[in-house]
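In my numbering, the protein residues as written are 66 to 186.
Okay, structure coming up:
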């Protein structure tokens with residue numbers, strides 16, 4: 066089942082949420098994760114961790130991630146931990162991976178080279 070959450074800001078961030086057969090959510094991001102789209106991303110990720118045994122955030126089509134996006138990831142991670150479910154990041158491009166490493170998010174939230182690897186953990 067695929068559910069497109071729609072652009073947070075036209076042409077900037079598209080958020081699509083799908084669910085695997087075992088109920089794990091995959092949140093696919095396309096575009097830029099910045100202040101304009103971070104509120105909508107927060108809503109989608111919190112909904113996902115509250116309703117799924119696990120969530121994978123696919124960064125494969127994200128070219129930019131700022132501090133507001135980092136804050137959303139940390140908030141979703143904390144919520145997932147409090148509920149006893151998992152949140153994993155997948156397929157970040159070089160620029161996004163560099164930001165995740167610089168601020169230490171990759172040490173807080175498991176980060177995998179592909180969605181498939183994130184799903185198998």
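Even for Gly, the Cβ is constructed at its ideal location relative to N, Cα and C.
Next on the checklist: DSSP three-state label for residue 64, please.
Outcome noted: Shown here, the chain extends from 66 to 186; a query on residue 64 therefore has no answer.
Item to check | Continuous alpha helix (DSSP H) stretch holding residue 134: start and end | outcome: 132-148
Next on the checklist: Tell me the DSSP secondary structure of residue 185 in three-state form.
Outcome noted: helix
Next on the checklist: If distances are taken between C-alpha atoms only, which option among 183, 177, 103 and 178 comes closest to residue 139?
Outcome noted: 103
Item to check | Supposed close pair residue 124, residue 94 - CB separation, criterion 8 Å | outcome: 6 Å
Checklist entry - Is the beta carbon of residue 89 less than 8 Å from the beta carbon of residue 80? => result no
Checklist entry - Where does residue 119 sit, in a helix, a strand or coil, going by DSSP? => result strand
Checklist entry - Considering residue 156, what are the terminal residues of the alpha helix (DSSP H) in which it resides? => result Residue 156 -> no alpha helix (DSSP H), and no H or E assigned at all.
Checklist entry - Tell me which same chain residues have a C-beta within less than 8 Å of the C-beta of residue 85, skipping the five on either side of it? => result 91 and 184
Next on the checklist: Quick check on this structure: which residue in 145, 135, 151 and 114 has the alpha carbon closest to the alpha carbon of residue 162?
Outcome noted: 135
Item to check | Nearest residue (CA-CA) to residue 53, options 101, 155 and 106 | outcome: Here the chain comprises residues numbered 66 to 186, so residue 53 is not present and cannot be evaluated.
Item to check | Under the three-state DSSP convention, the category residue 169 falls into | outcome: coil
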